[in-house]
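Written out below as structure tokens is the structure these notes cover.
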Amino acid sequence: MATYYFNTDGSIANINQGGPDVAFIGNLQVQTVNATDLRKFAAIVYSESSFWGLVQQIAPANPFLEMQRETFGITFTMFTYARAKNAAMQRAGKSYTFHDMLGDKNYTHGIGSTAYNEFLADTGGDERRRKAVVLAVMRLFLGPQYQQDMQDVIVGLDGAVFWDGNDLFRLFKSHYRAKQGFELSNPAHGAIYQNVSVVKNAQVITSSPASNPNVIAANRQYTFMSTMTLGGTIFFKIHPQAAAQGVGV
30 MATYYFNTDG SIANINQGGP DVAFIGNLQV QTVNATDLRK FAAIVYSESS
80 FWGLVQQIAP ANPFLEMQRE TFGITFTMFT YARAKNAAMQ RAGKSYTFHD
130 MLGDKNYTHG IGSTAYNEFL ADTGGDERRR KAVVLAVMRL FLGPQYQQDM
180 QDVIVGLDGA VFWDGNDLFR LFKSHYRAKQ GFELSNPAHG AIYQNVSVVK
230 NAQVITSSPA SNPNVIAANR QYTFMSTMTL GGTIFFKIHP QAAAQGVGV
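Just so we're aligned, residue 30 is where the sequence shown starts under this note's numbering, counting upward by one.
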């Protein structure tokens with residue numbers, strides 16, 4: 030175990046190896062999660078968010094701000110998913126905790142990836158993204174008073190419980206999300222990679238009615254609806270068509 034001390038800009042101030050399993054951000058101790066789980070959570074967000082060169086091309090006017098918004102969006106979406114999943118499982122007499130989510134590779138494919146391990150190494154990698162991720166986690170765990178500058182992100186997410194990145198924009202129709210059917214709530218959501226050169230074969234995507242036979246048999250066009258984009262990430266909630274059929278997280 031170790032005690033982690035983070036500066037308020039997201040950088041590491043100190044690590045006390047052998048100390049209690051807690052984290053401090055500035056002079057505030059994070060009360061709701063231990064340092065081990067906080068770092069796992071941050072590592073997942075780091076592995077799932079866009080790299081610096083990509084964010085620079087998508088939001089050249091202020092890429093670090095966009096990186097902060099994107100990483101907070103993923104952080105908040107994961108927390109929303111965990112709460113929704115727990116509520117669904119409680120109806121069956123089971124539970125789904127935040128700790129469960131941190132090991133759920135069916136939900137978070139970044140667990141155990143190179144980028145995930147890079148973050149846990151505490152040094153190296155994409156330092157700007159590392160700081161943005163710590164700031165995102167800080168905003169979540171320290172409470173609403175630390176989320177004032179992200180209120181438009183929370184509103185824009187509109188209950189999103191999933192997200193996708195450049196895989197969807199490269200694979201489009203062959204991607205799982207497209208096969209299940211997604212509708213873009215705003216056509217501009219499909220064009221965030223149109224001026225990007227650092228991701229090869231990215232394309233403009235459009236609403237994609239389901240091609241999966243099971244979804245078609247359920248007389249449903251769409252399973253997901255986009256809510257917003259941040260950086261190179263597009264966020265989705267359950268589509269009203271799917272929700273009306275009892276489809277959830």
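Even for Gly, the Cβ is constructed at its ideal location relative to N, Cα and C.
Asked, Found
"Residue 90, enclosing alpha helix (DSSP H) - first and last residue", "That residue, residue 90, is in no alpha helix (DSSP H); it is neither H nor E in DSSP."
"8 Å Cβ cutoff met for residue 103 and residue 197", "no"
"CB of residue 209 within 8 Å of CB of residue 256, strictly", "no"
"Bridge-paired residues (DSSP) for residue 266", "254"
"Neighbourhood of residue 192 by C-beta, 8 Å cutoff - its chain only, sequence neighbours within 5 removed", "77, 102, 103, 106, 262, 263, 264, 265"
"Under 8 Å between C-beta atoms of residue 213 and residue 95", "no"
"Three-state class that DSSP yields for residue 234 in the structure shown", "coil"
"Buried or exposed (CB count within 10 angstroms, at least 16 for buried), residue 233", "exposed"
"Span separating the alpha-carbon of residue 195 from that of residue 219", "11 Å"
"First through last residue of the alpha helix (DSSP H) which encompasses residue 44", "Segment 41 to 46 is the beta strand (DSSP E) holding residue 44; no alpha helix (DSSP H) there."
"For residue 33: DSSP bridge partner residues", "44, 52"
"C-alpha distance - residue 41 paired with residue 51, whole-angstrom precision", "14 Å"
"Three CB pairs or more closer than 8 Å across the segment 118 to 133 and the segment 62 to 77", "yes"
"Residue 100 versus residue 161 - alpha carbon distance", "7 Å"
"Minimum C-alpha distance to residue 39 - residue among 93, 248, 137", "93"
"Where the beta strand (DSSP E) containing residue 191 begins and where it ends", "191 to 193"
"Length of the line joining the Cα atoms of residue 278 and residue 137", "13 Å"
"Sheet register partners of residue 211 (DSSP bridge)", "237, 253"
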